[in-house]
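Participant: Numbering (this note's numbering), first residue to last: 341 to 477.
A single structure is presented below for examination.
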């Protein structure tokens, strides 16, 4: 079964946690033609939220963020995994990282209900190259 793993840069946007916050950020980038490969949002304490945006083109993303006056933090590094859903696929990826001594500090994923999945693996910057080598990217 087919799957792919690719290195990706991502950026944080920290904002007030209020109705419409994600819409405002996402629509600002969409209106500027920025394609996102992944997006996550989590509370970051009190009335704050943190969005992680994974642009297809980091240079374009940064330029458009400046024009839109959106403060971004990054780049940071992660692995994007996509493919056919197969029992044990994520365990295999984590096993390879574990055996290489790579500490995965966060991850999230979703199946599409039709046999495919997407998964984000957050790796600390000082171990990113080690992770890339462990997965033979």
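Just so you know, even glycine gets a beta-carbon here, dropped at the ideal spot from N, CA and C.
(1) Report all residues from its chain with a CB closer than 6 Å to the CB of residue 412; omit the five preceding and five following residues, and keep chain order.
(2) Just checking my contact of residue 425 with residue 451 at CB under 8 Å: how many whole Å lie between their CB atoms?
(3) Less than 8 Å between the beta carbons of residue 471 and residue 419, yes or no?
(4) Can you tell me the Cβ-Cβ gap for residue 465 and residue 414, rounded? I've got them flagged as a contact below 8 Å.
(5) Pull up the distance between the alpha-carbon of residue 444 and that of residue 362, whole angstroms please.
Facilitator: Let me lay it out:
(1) 351, 353 and 405
(2) 5 Å
(3) yes
(4) Contact doesn't hold; Cβ gap of about 10 Å is too wide.
(5) Distance between the alpha carbons of residue 444 and residue 362: 26 Å.
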